[in-house]
Amino acid sequence: MDILQTLYNEIIGFLGVSQVWEILKTGNYSSFTTYEGIVALIYPIIPLLILLEFILGLVYKKPQTKVYKVNFLIYIFNRFIGRFIAIAMVVLIIGALQSYALFQTEMTWYWFIYGYIIWEFGHFIYHYLGHKVRLFWCLHSTHHAPEEMNLSVTHAHFFLEAPYADTIRTTVCILLGVDPALLFLIMFIDGTYGAFIHVGENLMKNGRMGFLNKIILTPSHHRVHHAKNPLYMDTNFCNLLNIWDKLFGTYQNEEADIAIEYGITREINSGNFLDVYFGEFVALFKDIARAPGLKNKLLYTVMPPGWSHTGEHQTAKIVRNAHLQQNIPSQKKVAKV
Ligand SMILES: [Zn+2]
Ligand SMILES: [Zn+2]
Numbered sequence: 175m176d177i178l179q180t181l182y183n184e185i186i187g188f189l190g191v192s193q194v195w196e197i198l199k200t201g202n203y204s205s206f207t208t209y210e211g212i213v214a215l216i217y218p219i220i221p222l223l224i225l226l227e228f229i230l231g232l233v234y235k236k237p238q239t240k241v242y243k244v245n246f247l248i249y250i251f252n253r254f255i256g257r258f259i260a261i262a263m264v265v266l267i268i269g270a271l272q273s274y275a276l277f278q279t280e281m282t283w284y285w286f287i288y289g290y291i292i293w294e295f296g297h298f299i300y301h302y303l304g305h306k307v308r309l310f311w312c313l314h315s316t317h318h319a320p321e322e323m324n325l326s327v328t329h330a331h332f333f334l335e336a337p338y339a340d341t342i343r344t345t346v347c348i349l350l351g352v353d354p355a356l357l358f359l360i361m362f363i364d365g366t367y368g369a370f371i372h373v374g375e376n377l378m379k380n381g382r383m384g385f386l387n388k389i390i391l392t393p394s395h396h397r398v399h400h401a402k403n404p405l406y407m408d409t410n411f412c413n414l415l416n417i418w419d420k421l422f423g424t425y426q427n428e429e430a431d432i433a434i435e436y437g438i439t440r441e442i443n444s445g446n447f448l449d450v451y452f453g454e455f456v457a458l459f460k461d462i463a464r465a466p467g468l469k470n471k472l473l474y475t476v477m478p479p480g481w482s483h484t485g486e487h488q489t490a491k492i493v494r495n496a497h498l499q500q501n502i503p504s505q506k507k508v509a510k511v
């Protein structure tokens, strides 16, 4: 009975319906119009879309079995360890740093916009470092391992990535005066939208979302981010507002003539949980063991993936620049779109 109860709780937890269920039980339907009620209604949207997308995959005979299998294992594994680490980290940082804030914002619409821009800045820093510092790439690469895209990829994360990401994002926001209540609202919106941008072709064939593609970061942009094509590598680090990508020169559109190839560039068995979860650590340890001298060993942990002590670097920047040099016509097209 205990196992059944645990299983039931886990399913309810995954679906995010527990708060809706509580409100329904009280019969007080008017509370759906309150902030808590609206949040309770938004929570189950992504889990239900995951299920719908999974079913559509079966209907279209594009089941993406490998991606679902590994992401399911990651979800279970992460449930056992580290679920609350990220939340604890956020609370800890707010407590420790709030008194050092440059100034303090309030819950108003204009401070909300300010807070969101600052949050995106923090997100950009964490995400950029996740791609450019080899040790952090070990944490982030789990998210990039899937070779097809669907909403389950939103659960594909190494368990230490959330605390590391939230440490950076929360520190930036708190020091730049974002009110904690505002921060939690932004985190909720960003968490939901950040999950949605992983919607796959089975549910949304064209991820550009019409004119929105020009204004905000769409699933199409995030598909580009998950691609290993030379042109697409290490671009589109933002989540919803892609102003920082545009400002720092990491913005990249999905090109009609360059089909996205999902995944990472090293040889990987993306159907193997251990390879997806720990493979980059193994690769890093091998490089460190091979490298001569302490300096080279240390450099492997902090330099971008693809850096080599022999000087034969294969970093994303080098690969992308080489591609742009060889494909000047397509570079022009990038500027035109
Ligand atoms: Zn990434
Ligand atoms: Zn992603």
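For any residue, its number in our numbering is found by taking its place in the sequence shown, counting from 1, and adding 174. Heads up, the beta-carbon is just placed ideally off N, CA and C, and yes, glycines get one too.
### Message
Let's see if you can read the secondary structure: which residues bound the alpha helix (DSSP H) around F295?
### Response
W283 to K306
### Query
Any idea which residues DSSP pairs A401 with across the strands?
Y436
### Query
Taking the Cβ atom as the reference point for each residue, do G190 and Y217 lie within a distance shorter than 8 angstroms?
yes
### Query
Does ligand 1 have even one heavy atom less than 7 angstroms from the beta-carbon of G304?
yes
### Query
Thinking C-beta only, is T344 closer than 8 angstroms to I267?
In this structure, I267 places its C-beta atom within 8 angstroms of the C-beta atom of T344.
### Query
By DSSP, does Y406 sit in helix, in strand, or in coil?
Here Y406 sits in coil by DSSP.
### Message
Among the candidates F310, L350, V194 and W195, whose CA atom is the shortest distance from the CA of F333?
### Response
F310
### Cβ separation of H329 and I248, assumed to be a contact under 8 angstroms, to the nearest whole Å
6 angstroms
### Query
Which term fits V166, buried or exposed, when burial requires 16 or more other beta carbons within 10 angstroms of its beta carbon?
Residue 166 lies beyond the range of the chain shown here (175 to 511); nothing can be said about it.
### Query
Buried or exposed: where does Q426 fall if 16 or more other Cβ atoms within 10 Å of its Cβ makes it buried?
buried
### Task
Would you check whether ligand 2 has a heavy atom nearer than 7 angstroms to the C-beta of H497?
no
#### Entry: Limits of the unbroken alpha helix (DSSP H) element including P337
Per DSSP, the unbroken alpha helix (DSSP H) holding P337 starts and ends at E335 to L349.
### Task
Just confirm the distance between the C-beta atoms of C347 and W293, as a whole number of angstroms; I'd bet it's less than 8 angstroms.
That pair is a contact at about 6 angstroms.
### Proximity winner among I434, L391 and M407, relative to I417 (alpha-carbon distances)
L391
### Message
Taking only three categories from DSSP, how would you classify P221?
### Response
Of the three classes helix, strand and coil, the one that applies to P221 here is helix, per DSSP.
### Message
If you reduce the DSSP assignment to three classes, tell me which class S192 lands in.
### Response
helix
### Task
Take V327 and list the residues in its own chain whose beta-carbon comes closer than 6 angstroms to its own, dropping the five residues that flank it on each side.
P320 and H372
### Query
Which value, in whole angstroms, describes the spacing of the CA atoms of Y439 and H317?
Here the sequence assigns Thr to residue 439, which means Tyr is not the residue at that position. T439 and H317: Cα-Cα distance of roughly 13 angstroms.
### For I197 and S205, the rounded distance between their alpha carbons
Answer to the nearest angstrom: the Cα atoms are 7 angstroms apart.
### Task
Can you tell me which of the three DSSP states P466 falls into?
P466: coil per DSSP, three-state reduction.
### Query
What do you reckon, are the CB atoms on G365 and N324 nearer than 8 angstroms?
no
### Query
Secondary structure at K471, three-state DSSP: helix, strand or coil?
helix
### Query
Would you call the CB atoms of N413 and Y338 closer than 8 angstroms?
no
### Task
Can you give me the Cβ contacts of K306 inside the same chain, cut-off strictly under 7 angstroms, excluding the 5 residues immediately before and after it?
P478
### P466 burial status per 10 Å Cβ neighbour count (16 or more: buried)
exposed
### Task
For L421, count neighbouring Cβ atoms within 10 angstroms of its own Cβ and tell me buried if that reaches 16, exposed if not.
exposed
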